[in-house]
Ligand code: PLP
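Residue numbers (my numbering): 106 to 478.
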């Protein structure tokens, strides 16, 4: 089996099984007062501190949530817009884009930043962000194309316009894959997801810089300092810590493995004369998004299943939707969009992809020939 859809999710690290046993034995509610529960609470607090350290976020706090989707919702909903603007990029994951749309429907002035194949430009920031902007939300790495935004540069520009503007970054496809140092980036809020780095599904986090306000969207027993109520997902949080430690200590080594895997696929496409365009110029080594005129992405996905090769047509979250904001924004035609695929890598599935690349290329050519006749 060749799992090449790691941008949608990743296989949990094996060591998490041991953590399950530990958590099943120490099943106590972390909010209870007796000693055994206090030990569970301490483990959560250590996980919080450690993950902050791995992202260079010691000057802030991490709030655990049930997903990155929830963390993104929380970040954007933390600001009172009144007569102020919300600015998000046009390529955002639905967990940001749809929140922005719902604010727009409720009467908030929302602006959308366009993308180039090298990400959001400073000119775009200058033309859309104003002194009246309350919050800007941008993704660090695009889940659909892998395009990397220069967050440090963009944040600097936003803060020049008005230092009070809150900068939120969705870092789900960045953390553990490219270096992330939040103090250096200068952002105010940063979103993480555990299942994209070989942790478990159902755990995310929002990092918030000291002195930046964050407001709850879920009310209840006051866990997570009142910011996110609900009994903590102890196993999920400890598995998140374990995964975060592993991936952040090997960022450069792993990126090189991913880069080689990506290059092997590109070499296979070239060797077999596939006519394709890569969606994006400055991209993550972990994501290869290509468009092929005349291909049907979903036909390829199913034809590769029989070889045990698993890829995606786009992001998993948008595969059921007909439009594709990311590729439209890059100027791809409807035919190219229908013929788009996303292949995404993990250094922990260290496959030799030479044969796989050949199979993918030959299947693409076969499908294009059948469709074009
Ligand atoms: N943001 C980005 C960039 C993503 O790729 C994803 C998942 O695909 C999410 C947010 C949502 O993450 P979660 O599945 O933890 O809600």
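We put the beta carbon where it would ideally sit given N, CA and C, even for glycine.
Limits of the alpha helix (DSSP H) - the one that residue 408 falls within: 402 to 410
Output the boundary residues of the beta strand (DSSP E) element that contains residue 447. 445 to 449
Where residue 329 and residue 143 are concerned, what is the direct C-alpha to C-alpha distance, given to the nearest angstrom? 15 Å
In chain order, what residues of the same chain lie with their CB nearer than 8 Å to the CB of residue 490, ignoring the 5 residues before and after it? Within the shown structure, residues of the chain are numbered from 106 to 478, placing residue 490 beyond reach of any answer.
How is the beta strand (DSSP E) around residue 275 delimited, first residue to last? 271 to 275
C-alpha gap between residue 384 and residue 135, whole angstroms: 46 Å
In three-state terms, what does DSSP make of residue 249? coil
Span separating the alpha-carbon of residue 267 from that of residue 376: 51 Å
Residues in the same chain with beta-carbon distance under 7 Å from residue 322, minus the five sequence neighbours each way, listed in chain order, please. 178, 179, 182
If you drop the 5 nearest sequence neighbours on each side, which residues of the same chain put their C-beta closer than 6 Å to that of residue 153? 167
Given a threshold of 16 other Cβ atoms within 10 Å of its Cβ, counted over all protein chains shown, does residue 324 qualify as buried or as exposed? exposed
Bounding residues of the alpha helix (DSSP H) (the contiguous stretch that carries residue 353): 339 to 354
In the DSSP assignment, find the unbroken alpha helix (DSSP H) run with residue 432 in it and report its ends. 430 to 434
Start and end residues, alpha helix (DSSP H) containing residue 164: Run containing residue 164: none; DSSP gives neither H nor E here.
Residue environment, residue 293, which counts as buried when at least 16 other CB atoms sit within 10 Å: buried
Using 10 angstroms around the beta-carbon of residue 439, count the other beta-carbons present and answer buried if the total reaches 16, otherwise exposed. exposed
Alpha carbon to alpha carbon, what distance is there between residue 220 and residue 452? 28 Å
Under the rule that 16 or more other beta-carbon atoms within 10 Å means buried, what is residue 358, buried or exposed? exposed
Nearest neighbour of residue 349, chosen from 193, 281, 400, 170 [CA to CA]: 281
Residue 149 in three-state terms, based on DSSP: helix
Less than 7 Å between the C-beta atoms of residue 472 and residue 406, yes or no? no
Between the Cα of residue 295 and the Cα atoms of 310, 431, 372, 283, which residue gives the shortest distance? 310
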